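Here the sequence shown stands for residues 34 to 265, where the numbers follow the working numbering.
Every residue gets a Cβ at the ideal spot worked out from N, C-alpha and C, and that includes glycine.
Note that the structure is a prediction, hence the values are computed from the model and not measured.
Notes for the one structure printed next.
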Amino acid sequence: MQKRIFFVLVFFTSTFSLWSVDFYSFESPYKIEETKIKIENLLKKIDNKYFKPIDETLGFHYGWVSRWLSPFDYKIYLTHYEKRQDLVIIRIEGNGGDALSLRTIFFKENLNKEELEGFQFYSLESKNHLFAQTLNLIHPALGILYTGYRSPSLTKSQMLWRSVGHFIVDTILIWAAGKNWFRNDWNPKKFSGNIIGSMIFVRSISAIQLFNRVRAHNRYLELGYSFPLDLY
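Structure (structure tokens):
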């Protein structure tokens, strides 16, 4: 029973990011080879060395993906139509907030023919790693709300579902730990070690996620980008 609960909760926690994978496709104003160079230069600017080409491009001509050390989560594909080589298409996939943010940045860098000027763009304010991790120790949901508030790193739906999800996981683990993984009656004093261990487990996973979201947010701020946060 204990192992079953552990693996179910690990799976549940690890799939939070999968609940909000989005994609956007839009036209580039440049030919494909020029667009390729501009995308690579832009990724070097935003994500430094934390991206790499995709080997399997699923029929697209080129592709790039974030590495595991990157604070962002994305895949970018580039192609053109064989019968209309002047029609160059960029496709962005990834975490809901990251995909939408890259779509906006591509617009800002004139790589996106979409018309986004009708939205109000907001400047960002710095997020603090220490404050985020302190809130996470109190409860992971608080850290999620802090890092997602007025930030392009998370959409509103991501903030809601991740907060609820972490609250549910934390509650279930504390309850199960206090019952010695359902082998005894509820006794938080006797099984306090189990409870503390379960809380550390959830907060450790959340701490890594928060660290990367603050990194991503502050990277956008450092580069001077503003975002249409009403879209989030």
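Between the C-alpha atoms of residue i and residue j, what's the straight-line distance to the nearest angstrom?
{"i": "Gly127", "j": "Asp218", "result": "43 angstroms"}
{"i": "Leu170", "j": "Tyr253", "result": "26 angstroms"}
{"i": "Lys223", "j": "Lys212", "result": "9 angstroms"}
{"i": "His172", "j": "Thr180", "result": "13 angstroms"}
{"i": "Leu256", "j": "Val235", "result": "32 angstroms"}
{"i": "Lys261", "j": "Asn220", "result": "Correcting the residue identity first, residue 261 is Pro in this sequence and not Lys. Computed Cα separation, rounded: 49 angstroms."}
{"i": "Gln153", "j": "Phe164", "result": "28 angstroms"}
{"i": "Arg136", "j": "Asp55", "result": "11 angstroms"}
{"i": "Phe215", "j": "Val202", "result": "16 angstroms"}
In this structure, does DSSP put residue i in helix, strand or coil?
{"i": "Tyr57", "result": "strand"}
{"i": "Asn251", "result": "helix"}
{"i": "Tyr155", "result": "strand"}
{"i": "Phe244", "result": "helix"}
{"i": "Phe224", "result": "coil"}
{"i": "Phe200", "result": "helix"}
{"i": "Phe16", "result": "Any answer about residue 16 is impossible in this case: the structure gives the chain only from 34 up to 265."}
{"i": "Thr179", "result": "It is worth fixing the name first, because residue 179 is Tyr in this sequence and not Thr. In this structure, Tyr179 counts as helix in the three-state DSSP scheme."}
Along the chain, where does the beta strand (DSSP E) that runs through residue i open and close?
{"i": "Tyr95", "result": "Tyr95 to Ser99"}
{"i": "Phe84", "result": "Phe84 to Pro86"}
{"i": "Gly127", "result": "Val121 to Asn128"}
{"i": "His113", "result": "Tyr107 to His113"}
Between the options, which lies nearest to residue i when the distance is taken from Cα to Cα?
{"i": "Ala249", "options": "Ser99, Val54, Asp263 and Ser237", "result": "Ser99"}
{"i": "Asn161", "options": "Glu150, Tyr155, Gly176 and Glu147", "result": "Gly176"}
{"i": "Leu91", "options": "Phe152, Gly230, Lys108 and Arg195", "result": "Lys108"}
{"i": "Ile125", "options": "Arg117, Phe139 and Lys116", "result": "Phe139"}
{"i": "Ile228", "options": "Val202, Asn245, Trp208 and Ser239", "result": "Trp208"}
Flag this pair as yes or no: are the beta carbons of residue i and residue j separated by less than 8 angstroms?
{"i": "Ser159", "j": "Asn251", "result": "yes"}
{"i": "Thr68", "j": "Ser61", "result": "yes"}
{"i": "Ile65", "j": "His113", "result": "yes"}
{"i": "Ile72", "j": "Leu144", "result": "yes"}
{"i": "Tyr286", "j": "Leu133", "result": "With the chain covering only 34 through 265, there is no way to say anything about residue 286."}
{"i": "Tyr110", "j": "Gly96", "result": "yes"}
Where does the unbroken alpha helix (DSSP H) through residue i begin, and where does it stop?
{"i": "Gln166", "result": "His162 to Ile171"}
{"i": "Leu91", "result": "No alpha helix (DSSP H) holds Leu91; DSSP gives it neither H nor E."}
{"i": "Glu66", "result": "Ile65 to Asp80"}
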